[in-house]
Amino acid sequence: LLVKSGGTEYLYCGEDYPNIRMKADVLHFQDLSGYEGFTCLMLGSRYEKSGVKLDRDASGNLIWGWKRDTPPLGRRQVAELVSSGKIKSDEQWFLPMDVQTGKPLSIAASSVSYNEFRHKYVAICSQFGGGPSNLGEIWYSEANKPEGPWLYAHKIVTHDHYSFYN
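So the number in this note's numbering is just where the residue sits in the sequence shown, counting from 1, plus 3.
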């Protein structure tokens, strides 16, 4: 996804949502040290299950942002941080809720693009662990920025007794 942010063009990518970016030119695409992860890890740190270094402000609020040489967290890593109590459930960045039920959704993959009509970034997402199909529920979500936060989603397609995965 090509995005202009702060006067600079970036190429955004990622699996669950756009959580990796680099300047949109060949030199920066080839230089992995210039990649930025959208993460709550301390600048330059890596995910370590037992000794993870989270970025918090003086009030203890988790700081999510673009950080060079810092990989983004995957869905499973964030879930581990929540289950271990290192971050609160409501501190997650990409955990949209079903707009009708208020239940959180676990997203397995998404495709994001800017929609001129809506003046928003839109994501078409595949749910992990949904019902009636484990990987067959497709959701629509909107955000003001490509990295989100993605707060709400609406189910647009279901595949009864079938996995959309394959």
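Just so it is clear, CB atoms sit at the ideal spot from N, CA and C, and this is done for glycine as well. This structure is a prediction, so every number in the text was calculated from the model and none was measured.
Mind checking which residues open and close the beta strand (DSSP E) that includes residue i?
i    : result
E83  : No beta strand (DSSP E) contains E83, which is instead part of the alpha helix (DSSP H) from R78 to S86.
E12  : T11 to C16
K158 : Y155 to V160
F41  : E39 to T42
For a test of the three-state rule: what should DSSP assign to residue i, helix, strand or coil?
i    : result
E150 : coil
V29  : helix
L5   : strand
S113 : strand
G132 : coil
D72  : coil
S48  : coil
L138 : coil
E94  : helix
S144 : strand
L57  : strand
L65  : strand
Among the options, which residue has its Cα nearest to the Cα of residue i?
i    : options                  : result
I66  : Y124, R78, P135 and I90  : I90
F120 : H162, L44, W96 and E145  : E145
C43  : K70, E18 and Y165        : K70
G40  : Y20, G54 and K123        : Y20
K52  : F32, G68, V81 and D72    : V81
G77  : G54, T161, G88 and R49   : R49
N22  : N64, L5, P74 and S8      : P74
P64  : R79, L5, G9 and D93      : With the sequence shown as reference, residue 64 is identified as Asn, and Pro is not the correct amino acid for it. Nearest of R79, L5, G9 and D93 to N64, Cα basis: D93.
S129 : H162, K123, G139 and E12 : G139
- Message: Between the region 57-64 and the region 21-33, can you find at least three pairs of beta-carbon atoms closer than 8 Å?
- Response: no
- Query: Between the region 142-158 and the region 98-105, are three or more C-beta pairs nearer than 8 Å?
  - Reply: yes
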